[in-house]
Amino acid sequence: MENPAQGKSSQKPTPTIVVEENITTTASEISPKNNFHQISLTDTVSQIELTRGREFASYLGKNISKRAATPANIRNTLSSVAKIGIRPAIIYVSAQPNYLELQLFLPNGKPVVKSIKKSRDEVIKVAKKFTNQIRTPSQLDSHDYLSNAQKLYKWLIAPIAQELVANNINMTIFSMDSGLRTIPIAALHDGQQFLVEKYSLGLIPNFTLTDTKYVGLNGAQVLAMGASEFPAHANQIPLPAVPIELQTIVNNLWQGKSFLNQEFTLENLKQQRSKEKFRIIHLATHGEFHPGSADNSYIQFWDTKLRLNELRQLRLYSPQVELLVLSACTTAVGDEDAELGFAGLAVQAGVKSALASLWYVSDTGTLALMTEFYQHLSKRPIKAEALREAQLAMLRGDVHLENRHILRNGNQHLALPLELVRGGKRDLSHPYYWAAFTMIGSPW
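According to the working numbering, the residues represented by the sequence shown are 54 to 497, in order.
Written out as C-alpha cells, the structure reads:
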C-alpha cells in the first residue's frame, strides 16, 4: 500500500543504502506502564506547553502565548486542515533523565504516550554526533551518519510508527525538548527510507506559540533581498549564487521584487513593506544562531547586523507575513540557547512560518534547493510539502550539477557563474545538501 505522503513523487528510487541495524523498538525498551496509557494527558501536555513557553519567553524576552493547549484543542486544529489534503500529527519529544517520552497527537482519537528506556544523556550524545556527521561529512559519498540516523529513528519514530500508518498521517510536526531542537529530522532513517520519504516535516516551539490558521499563498508577492558580497567591516564570506537565486525566484517562479547588495538594507525592507503587502520575504544572506542571549544571533544585511532580539521591530506581523525564508543560516550544534533562537525564529519574527537551514550548505546546493522549493510551492502552496518535494528531488537525483548547470530531470535548468563551478558532475543526494532546511512554525 502506498504511503499517503509519497503521492506521485516517487519517480526515481532512493540510492541504495546498507541497513546497519534492526530499527524495531523491542517491548523491553518501551515502558509498559505508559504504553497507550493516558496519564492525565491534559495535565502533562499543559505542563510541557508551559515549560517550553517559559523557555522561549525567557530567551526571546517576551511571552506571546495566546491560547491554551489541551488534547481537544490540538486534535481540533489537526482535523481542521483535512480540507486541504493534510493528515498531520504532533509529536512532543521529552528527554527525561532516565527515559525518553513521546506524546503523539492525532487528528482523531486519543493521544498516545510511549516511554523509551534511553537516558537523556545518551539520546543527546547520539543526536549531536548524528548532526555533526551530516553537517561536516568526511566525504560526500559517506554513510557514516547512518547508524545514528537509525538509532534516532528507533527511539523517536519506531514506537509510534504503527499509529502514524494506521491514521494515514502524511505530515509529522515535532515539538522537541532542549538539546534536540537542531536534529536534521528529515535524515532519520528506518533502514530502507529517510523520514522525509514518508512525511512532510515541521518544527514548532510548542502548540501555543504557533499560528496554525491556514492561509493559501495563491497570488502572494515575494520580497527577495540578499547580498553576494559584503563590505569589509561585515567580515562575511561572499555568496556568489545569490544574484541567480533572487533573479530566478522573482523573474521565473513568483511575482515580486528583488534587491541586491547595496539595496539590501533594513530601511529599504521597511520602505518596500510600506508600499506593498508582501506575504513572502526571502533573505539570501548569512544568518547566525550563536550561544548566549538573543543579541548574539543575527541576520546580516548589507549595512548592518539585525540582532535576533531586534527582529520583531520589523513588524512582519503587520501586515502578516506568511513565510520568511533565510537561505544561508547556520546554528551552533548542541547549544540550548542557539536552539531556542532557531526553533523560535517564526515566533520572534512575528511570521506564520520560517524556512531556515541548520548549517551553511554550499552556494550551489542552496540555489538548487531554493529554486525547487519555490517551484513546488507555486503548484501546491503548502509549505512543508513544497520543502519535502525539493528535498526529494535532490535525494533521488532528479536535481544535480553538471557542466556549469543545475539540471532537473536531465534538462538544463540554471547556468552557474564560473566561481561556483568545480568541474564535472556533482551529486546532491547526500543529506548534507538537503537535510539542513527546516520548516519552523506553521507547516502549512
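Where is the CB? At the ideal position from N, CA and C, for every residue including glycine. A quick note: this is a predicted structure, and the numbers were derived from the prediction, not measured.
Asked	Found
Label Val218 either buried or exposed according to how many other C-beta atoms from any shown protein chain fall within 10 Å of its C-beta, with 16 as the threshold for buried.	exposed
Going by other Cβ atoms of all chains shown within 10 Å of its Cβ, with 16 needed for buried, is Arg140 buried or exposed?	buried
In or out: Arg105 buried (at least 16 other Cβ within 10 Å) or exposed?	buried
Does the separation of the CB atoms of Ala240 and Ile187 fall below 8 angstroms?	yes
Suppose contacts are defined by Cβ-Cβ distances below 8 angstroms. Is Thr265 in contact with Thr123 by that definition?	no
Going by Cα to Cα distance, which pick from Ala396, Trp412, Ser415, Tyr413 is closest to Ser406?	Ala396
If Ile226 and Tyr427 are in contact, beta carbons under 8 angstroms, what's the gap, nearest whole angstrom?	About 22 angstroms separates the two Cβ atoms, so there is no contact after all.
What is the DSSP secondary structure of Gly106, reduced to helix, strand or coil?	helix
Please report how far the alpha carbon of Ile334 lies from the alpha carbon of Asn151, in whole angstroms.	43 angstroms
Counting C-beta neighbours from all protein chains within 10 Å, is the total for Leu471 16 or more, i.e. buried, or is it exposed?	exposed
Hey, Leu420 and Met447 are a contact pair by Cβ (cut 8 angstroms); roughly how many whole angstroms apart?	Actually they are not in contact, since the Cβ atoms of Leu420 and Met447 sit about 11 angstroms apart, beyond 8 angstroms.
Give me the residue from Ser410, His466, Gly403, Trp412 with the minimum Cα distance to Glu425.	His466
Determine the closest residue to Ser147 out of Glu375, Ile169, Phe354, with distance taken between C-alpha atoms.	Ile169
Considering only their Cβ atoms, is the gap separating Phe354 from Phe331 smaller than 8 angstroms?	no
Among all the DSSP beta bridges, which residues are the ones paired with Ser147?	Glu154
Using the rule of at least 16 other Cβ atoms within 10 Å of the residue's Cβ for burial, across every protein chain shown, is Ile137 buried or exposed?	exposed
Can you find the residues in the same chain that come closer than 8 angstroms, C-beta to C-beta, to Leu319, ignoring five residues on each side of it along the sequence?	Phe354, Asp356, Thr357, Leu359, Leu367
With Arg332 as the anchor, note down where its alpha helix (DSSP H) starts and where it stops.	Segment: none, Arg332 is in no alpha helix (DSSP H) and carries neither H nor E.
Buried or exposed: Lys432, going by 16 or more other Cβ atoms within 10 Å of its Cβ?	exposed
Have a look at Gly114 and Ser410 and give me their C-alpha separation to the nearest angstrom.	23 angstroms
Hey, could you find the ends of the alpha helix (DSSP H) Lys163 is sitting in?	First-last for Lys163: undefined, no H or E at that position.
Does the distance from the CB of Val98 to the CB of Gln156 come in under 8 angstroms?	yes
Reducing DSSP to helix, strand and coil, say where Val72 ends up.	Summary for Val72: the model assigns pLDDT 41, below 50, so the residue's position carries little reliability; its value from the coordinates is reported in the next sentence. The answer is coil: DSSP assigns Val72 none of H, G, I, E or B.
Using a Cβ-Cβ cutoff of less than 6 angstroms, which residues in the same chain neighbour Ser380 once the five nearest sequence positions on both sides are dropped?	Ala337, Thr419, Met423
Between the C-alpha atoms of Ala273 and Ser132, what's the straight-line distance to the nearest angstrom?	25 angstroms
Could you spell out the range, first to last residue, of the alpha helix (DSSP H) harbouring Arg188?	173-188
Rounded to whole angstroms, what's the CA-CA distance from Thr383 to Gly494? Just pull it up for me.	18 angstroms
So, with DSSP's three-state summary, where would you put Lys266?	coil
Going by other Cβ atoms of all chains shown within 10 Å of its Cβ, with 16 needed for buried, is Thr491 buried or exposed?	buried
Going along the chain, which residues of its own chain have a beta-carbon closer than 7 angstroms to the beta-carbon of Asn462, five neighbours each way excluded?	Asp451
Can you list, in chain order, the residues of its chain with a C-beta nearer than 6 angstroms to that of Lys478? Leave out the 5 residues immediately preceding and following it.	Glu455
Pull the bridge partners of Leu379 from the DSSP assignment, please.	Leu336
In the DSSP output, which residue or residues are listed as bridge partners for Ile459?	Leu454, Leu467
Please list the terminal residues of the continuous beta strand (DSSP E) segment that includes Phe490.	490-494
Between which two residues does the alpha helix (DSSP H) carrying Ile502 extend?	The requested residue 502 is not part of the displayed model; the chain covers only 54 to 497.
In three-state DSSP terms, what is Tyr252?	coil
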